[in-house]
Structure formats: C-alpha cells, structure tokens
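In short: position in the sequence shown from 1, add 79, done, that's the numbering used here. Cβ atoms here follow ideal geometry from the backbone N, Cα and C, with glycine treated the same way. The model shown is predicted, which means the values in this text are computed figures rather than measured ones.
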Amino acid sequence: MSDTPKTDALMARGADFLGSKYAILCGAMSWVSERNLVSAISNAGGFGVIACGAMTPELLDTEIAETKSLTDKPFGVNLITMHPQLFDLIAVCEKHAVTHVVLAGGIPPKGSVEAIKGGKNPAKVICFAPTLALAKKLLRSGADALVIEGMEAGGHIGPVSTSVLAQEMLPDLSADHLIFVAGGIGRGSAIAGYLEMGACGVQLGTRFACATESIAHENFKKAFFRASAREAVASVQVDARLPVIPVRALKNKGTEEFTATQREIAGRLDREEIAMAEAQLQVEHYWAGALRRAVIDGDVENGSLMAGQSVGMVKEEEPVAKIIATLMAESEDALTRR
Numbered sequence: 080m081s082d083t084p085k086t087d088a089l090m091a092r093g094a095d096f097l098g099s100k101y102a103i104l105c106g107a108m109s110w111v112s113e114r115n116l117v118s119a120i121s122n123a124g125g126f127g128v129i130a131c132g133a134m135t136p137e138l139l140d141t142e143i144a145e146t147k148s149l150t151d152k153p154f155g156v157n158l159i160t161m162h163p164q165l166f167d168l169i170a171v172c173e174k175h176a177v178t179h180v181v182l183a184g185g186i187p188p189k190g191s192v193e194a195i196k197g198g199k200n201p202a203k204v205i206c207f208a209p210t211l212a213l214a215k216k217l218l219r220s221g222a223d224a225l226v227i228e229g230m231e232a233g234g235h236i237g238p239v240s241t242s243v244l245a246q247e248m249l250p251d252l253s254a255d256h257l258i259f260v261a262g263g264i265g266r267g268s269a270i271a272g273y274l275e276m277g278a279c280g281v282q283l284g285t286r287f288a289c290a291t292e293s294i295a296h297e298n299f300k301k302a303f304f305r306a307s308a309r310e311a312v313a314s315v316q317v318d319a320r321l322p323v324i325p326v327r328a329l330k331n332k333g334t335e336e337f338t339a340t341q342r343e344i345a346g347r348l349d350r351e352e353i354a355m356a357e358a359q360l361q362v363e364h365y366w367a368g369a370l371r372r373a374v375i376d377g378d379v380e381n382g383s384l385m386a387g388q389s390v391g392m393v394k395e396e397e398p399v400a401k402i403i404a405t406l407m408a409e410s411e412d413a414l415t416r417r
C-alpha cells in the first residue's frame, strides 16, 4: 500500500503518461541533466530528462546509450527547437526508442512534431506553453502534453509567474489535456496545490541540481547552498533588435559579462557581419559555454549559475531518492491537512 495515496491519485494521469511511479519531471539543465542525474531520478520513481542543449547527434547518441545502461526505467530527451541539427537529433531519439521528447526554446519548426510521433519508434511530445493561446495551438499541432513554466524558474524564462499561469491555463486545459506545472517549486506543499488546481504533475530543476548524483562541481553546489531567492536574477536585454530570452541565474561577474556580450553581438548586427538567426545562436552558445564553466569547471565567478528562485530552499546535498520521497511526503501531508 502506498504511503501517499492522495498525491498518487492526483498524479495518476501524469504518471501513466510518463510511465513513471511519480509524475515528477526533472527539468533539463544543460551539463547537469546528464546520464547520472537522469538515471537516478528515473530509478527513484521520477522522470529524468536529458538536456541535449548544444550537443551534436553523436554526443546525444552516446548520452542516451549510457543513460540506458544505468536505468531500465523510461526517461526523456529535451531538444532545443532552434538547434541546426534538430531533425538529426530526433532521428537519434527514434533510434534509441526514447519514449518522450521535450521541445523547448520556441515554437516547434514545421514537421518536427510529426517526425517525433511518426517514426518506427514513435515518442510522446511535450512542449512548453507560455500563453493560453499558444498552448491551444500546440495541442492542435500534436503536442501530447504541455509544461507551463513561470518566471521563477532557472534558465530561460518568460515574463509571467507560475501562480498566474496556473490560474489562467489550468481551468481551461486540465480537464482534457495533460498539463505539468514548473517554476519556483521547492516544497511538496506547492506540488499539492497545483495538483488540486488540475495539473497532472510537476517539473523541478533547481531542487535536483545539487543532488548527490548530480555531477555539478562542489563550488557550484556551495553557491546554491549559500544563495537566497532574491539572488537568482533575470538577465537584462540591452538591444531591442536582438530579442534575447531572459535567463535567471545567481548574480556574479558572468551576468555582467553577458551584458557586454550582447552589446558585442548587437554591434556585429549593426555592421551586417552576421544575420539575426546567427546572432541568436551566438547568444545560446555563450550560455552553453558559461554554464559549463560553472557546472563542470567550478568557476562560479565567471560562469553561469542558472538557478530558479526556489534556490533559497536548497540547503544541502541529498540523494535523489530522498528528495523525491520528501516532496511526496510533504504533498501528502498538505493534502491530508486540507
């Protein structure tokens, strides 16, 4: 018999869709959401998601194979829609019979959803929806589930808070569709609230970034443990012609350097040395490199410390299984007290 029957009941649709014990997705964090953390989350009953980011098809092929060697449970792959080799990456996912593909970073390009769902090993498609109108469009276009993510989240963010998105979108969508809520979730009591509002599950990133199984550098984890919610700030856009999706990270020299990088890229646009698409890609490459410096090399001054505002609730390194068990117990306690 389950210790968390009320939470299990509210998560049933999401867990069935994912094929996992709990409808708890791990957000795809570049350099962090790799084979070790992803397999640990899936093995603990959650749903791990590989962050493909700027990987080549060859690197993704290896990452999926290595993850499969560490878990026999389902896991997903997060692909960035603007990746120049998106369809090659989709083919790699199909080769390995990945069960779920998450499309992030923009509206899926023409044919991408069909390619994921129509191959020899069709996968489920999960998309991010920042507005109700776009959510409905994505569902009509073939998305099997949506993640609505508020601006409290770490990494790339939109302008609206999780609580407002949930109030706006769940009443319209949750009865007939699978909607996961993300952004700023650090306690199980918040999970309970969103489940009661109609969410089929949740996604957390920051809460898992410093798990024992996370390969993030000791310096990176210590920066999280020291940080408060107000230190996780959104990046600033310096040129209206260069639409940069804001990124939430702990403030350091790296955040200041990004402002300078934007000015440099905007200058190259002025001189017509690069096209707009290339300019945006250069911004993404900057983040990939800056994040690696912090996560892998431990350079927490100059690297990017992407973190959500829930970082203030991350105080120590814990095994993934303990994190998930704590979240589920907190959710159950909240539902029971109701």
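- prompt: Would you report the Cα separation of Pro-398 and Gly-132, rounded to the nearest angstrom?
  reply: 25 Å
message: What does the alpha-carbon distance come out to for the pair Asp-378 and Leu-274?
response: 38 Å
query: So Ile-169 is in the beta strand (DSSP E); what residue range does that whole segment cover?
result: That residue, Ile-169, is in no beta strand (DSSP E); its alpha helix (DSSP H) goes 165-174.
- prompt: When DSSP builds the beta bridges, which residues end up paired with Ala-328?
  reply: Val-312 and Met-385
field: Member of Leu-252, Ala-319 and Val-315 whose CA lies at the smallest distance from the CA of Pro-325
entry: Val-315
message: I need the straight-line Cα distance from Ala-224 to Ala-339, nearest angstrom please.
response: 38 Å
- request: Compare the C-alpha of His-162 against each of Ala-356, Asn-381 and Arg-372 and name the closest.
  value: Ala-356
message: Based on DSSP bridge pairs, tell me the residues matched to Glu-228.
response: Ala-261
task: Please specify which runs of the alpha helix (DSSP H), each continuous and at least 4 residues long, are wholly inside the stretch 81-167, giving them in chain order.
output: 84-97, 114-122 and 136-149
- prompt: Is the stretch 361-379 touching the stretch 254-262 in the sense that three or more CB pairs, one from each, lie closer than 8 Å?
  reply: no
- prompt: Sorted by chain position, which residues of the same chain lie with C-beta nearer than 8 Å to Ala-254's C-beta, five sequence neighbours on each side aside?
  reply: Gly-277
query: Quick one: complete alpha helix (DSSP H) runs, 4+ long, within the stretch 340-404?
result: 355-374
Integer Cβ distance of Ile-169 from Val-180, believed to fall under 8 Å: 7 Å
- request: Could you tell me which of Glu-396, Pro-250 and Leu-414 sits nearest to Ala-302, measuring between CA atoms?
  value: Glu-396
- request: Indicate whether Val-423 and Ala-308 have their beta-carbon atoms separated by less than 8 Å.
  value: This structure gives no information on residue 423, because the portion of the chain shown stretches from 80 to 417.
Of the listed residues Ser-81, Gly-387 and Arg-342, nearest to Tyr-365 (C-alpha basis): Arg-342
- prompt: Is the stretch 141-159 in contact with the stretch 112-122, if contact means three or more CB pairs nearer than 8 Å?
  reply: yes
Reference Phe-126; option with closest CA among Cys-105, Ser-109 and Lys-189: Cys-105
task: Return the bridge partner residues of Lys-300 from the DSSP annotation.
output: DSSP, once it has assigned bridges, lists no residue as partnering Lys-300.
task: Compute the Euclidean distance between the alpha carbons of Leu-244 and Asp-251, then round it to the nearest angstrom.
output: 11 Å
query: When the Cα of Glu-228 is compared with those of Gly-237, Ala-222 and Gly-221, which residue comes out closest?
result: Gly-237
- prompt: So, is Phe-337 buried or exposed, given that buried needs 16 or more other C-beta atoms within 10 angstroms?
  reply: buried
Residue range of the unbroken alpha helix (DSSP H) whose run includes Ile-195: 191-196
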